[in-house]
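Inspection log for the structure reproduced underneath, given as structure tokens.
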Ligand code: CP
């Protein structure tokens with residue numbers, strides 16, 4: 001049974017093949033019936049725009065039925081265990097996607113599921129986002145091996161997934177974050193508190209929201225103060241390579257972690273990233289459940 005909880009479960013060859021397949025599926029979205037006659041459960045214990053729409057439309061395009069299950073609609077909300085939920089869903093669906101805050105919940109669900117489980121975002125990881133981001137970099141630059149990606153801002157789940165999944169295909173990650181918001185040291189990742197040093201000569205500069213879903217809303221003011229110098233603006237992008245692109249996993253808060261000029265400007269590939277969620281996840285579903 002293959003699960004994707006952090007993304008590190010995939011081999012380098014699998015990630016390369018998956019991105020190649022995602023590009024094919026982007027060119028011909030209705031060319032696969034890998035999920036014909038089957039359903040995929042998509043459990044959302046937290047809000048989503050991109051993940052829900054991209055998975056739901058992606059499963060449909062693969063010929064399957066997306067079964068979107070909100071937390072308050074499941075007996076999970078009344079105390080049924082993840083173990084029993086996994087056993088029941090496995091009798092009906094070809095795969096289970098889950099979005100929740102706790103990484104342990106995804107691990108627990110996967111432990112008892114007889115079908116592949118895909119992490120659709122936890123506090124610790126966002127592997128599906130990282131796959132779409134790599135597809136976007138591949139479209140922009142062709143080769144991934146040797147690219148330098150600068151991530152500025154909160155060293156969160158997205159940064160961690162970029163580090164883990166990017167390393168599989170040779171993307172060198174630099175993370176610039178202030179003390180208290182920095183990613184832990186992971187193999188091959190350069191950590192700094194200087195956003196310009198991270199961006200210098202990079203092929204892409206990436207940012208994410210300063211207050212994520214799992215963060216205490218009461219910490220928003222403190223986070224804005226600490227992360228203010230890490231805003232992705234034109235000046236920071238100018239420090240990167242002349243061909244550099246701007247990336248953001250969205251939702252964005254223009255004026256906080258990114259300026260409107262960058263978010264809607266000529267150098268961004270942010271809206272391609274949002275679209276690429278569907279193509280990358282379709283290739284992942286083919287790999288795991290096709
Ligand atoms: N990037 C991302 O996961 O977006 P949603 O929270 O809207 O799904």
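Residue numbers (the working numbering): 1 to 290.
Note that beta-carbon positions come from the ideal geometry of N, C-alpha and C, so glycine has one too.
What's the gap between the Cα of residue 221 and the Cα of residue 228? On the chain shown, residue 221 is found 221 positions in, with the first residue counted as 1. On the chain shown, residue 228 is found 228 positions in, with the first residue counted as 1. Take the alpha-carbon of residue 221 and the one of residue 228: they are about 10 Å apart.
Candidates 243, 3, 280 and 34: closest to residue 107 by CA position: Here residue 107 corresponds to residue number 107 of the chain shown, with the count starting at 1. Minimum Cα distance to residue 107 is reached at 3.
Flag residue 48 as yes when its Cβ comes closer than 7 Å to any non-hydrogen atom of ligand 1, and as no otherwise. The sequence position of residue 48 within the chain shown is 48, counting from 1. Checking every heavy atom of ligand 1 against the Cβ of residue 48, one is found closer than 7 Å.
Around the C-beta of residue 61, are 16 or more other C-beta atoms found within 10 angstroms, so that it is buried, or is it exposed? One-based indexing of the chain shown puts residue 61 at position 61. Counting Cβ neighbours within 10 Å, residue 61 comes out buried, since at least 16 surround it.
So does residue 52 have its beta carbon nearer than 7 Å to some heavy atom of ligand 1? One-based indexing of the chain shown puts residue 52 at position 52. Shortest gap from the CB of residue 52 to any heavy atom of ligand 1: under 7 Å.
So what's residue 254 in DSSP terms, helix, strand or just coil? Locating residue 254 in the chain shown gives position 254, counting from the first residue. Three-state DSSP puts residue 254 in a strand.
Do you know how far the Cα of residue 87 is from the Cα of residue 76? The residue you call residue 76 lines up with position 76 of the chain shown. The residue you call residue 87 lines up with position 87 of the chain shown. In a straight line, the C-alpha of residue 76 is about 13 Å away from that of residue 87.
Is any heavy atom in ligand 1 found nearer than 7 Å to the beta carbon of residue 129? The residue you call residue 129 lines up with position 129 of the chain shown. Because some heavy atom of ligand 1 lies under 7 Å away, the Cβ of residue 129 counts as near it: yes.
Cβ-Cβ distance between residue 205 and residue 257 below 8 Å: The count along the chain shown starts at 1 and reaches residue 205 at position 205. The count along the chain shown starts at 1 and reaches residue 257 at position 257. Going by beta carbons, residue 205 and residue 257 fall outside the 8 Å limit.
Buried or exposed (CB count within 10 angstroms, at least 16 for buried), residue 13: Taking the first residue of the chain shown as 1, we reach residue 13 at position 13. Residue 13 is exposed by the Cβ-count criterion.
C-alpha distance - residue 36 paired with residue 63, whole-angstrom precision: Position 36 of the chain shown holds residue 36. Position 63 of the chain shown holds residue 63. Using only the alpha carbons, I get a separation of about 4 Å.
For residue 184, count the other beta carbons within 10 Å of its own beta carbon; 16 or more makes it buried, fewer makes it exposed. Which is it? Numbered from 1 along the chain shown, position 184 holds the residue referred to as residue 184. Under the 10 Å beta carbon count, residue 184 is surrounded by fewer than 16 other beta carbons and is classified as exposed.
Verify the contact flag: residue 291, CB atom, against every heavy atom of ligand 1, threshold strictly below 7 Å. Residue numbering for the chain in the displayed model covers 1 to 290; residue 291 lies beyond these limits and cannot be assessed.
Residues of its chain near residue 30, where Cβ-Cβ distance is below 8 Å and the 5 sequence neighbours each way are ignored: For this step, residue 30 is matched to residue 30 along the chain shown. So the qualifying residues of the chain are 61.
Can you give the Cα-Cα distance for residue 217 and residue 224, rounded to whole angstroms? Position 217 of the chain shown, counted from the start, is the residue given in the question as residue 217. Position 224 of the chain shown, counted from the start, is the residue given in the question as residue 224. Near 11 Å, if we compare the C-alpha coordinates of residue 224 and residue 217.
For residue 236, which of 91, 145 and 150 has the nearest alpha-carbon? Taking the first residue of the chain shown as position 1, residue 236 is located at position 236. Closest by alpha carbon: 150.
Extent of the continuous alpha helix (DSSP H) to which residue 101 belongs: The sequence position of residue 101 within the chain shown is 101, counting from 1. Here residue 101 belongs to no alpha helix (DSSP H), and DSSP marks it neither H nor E.
Residue 259 - DSSP class collapsed to helix/strand/coil: The residue given as residue 259 occupies position 259 in the chain shown. Note: residue 259 maps to coil in three-state DSSP.
With DSSP collapsed to three states, give me the class of residue 54. The residue given as residue 54 occupies position 54 in the chain shown. Reduced to three states, the DSSP call for residue 54 is helix.
Are residue 239 and residue 135 closer than 8 Å when you measure CB to CB? In the chain shown, the residue the question calls residue 239 occupies position 239. In the chain shown, the residue the question calls residue 135 occupies position 135. Result no, Cβ atoms of residue 239 and residue 135 do not sit closer than 8 Å.
Could you check whether the Cβ of residue 247 sits closer than 7 Å to any heavy atom belonging to ligand 1? By one-based count along the chain shown, residue 247 stands at place 247. Not so, every heavy atom of ligand 1 lies at least 7 Å from the Cβ.
Within 10 angstroms of the Cβ of residue 47, are there 16 or more other Cβ atoms? Answer buried if so, exposed if not. Position 47 of the chain shown holds residue 47. The residue in question, residue 47, is exposed, as its Cβ has fewer than 16 Cβ neighbours within 10 Å.
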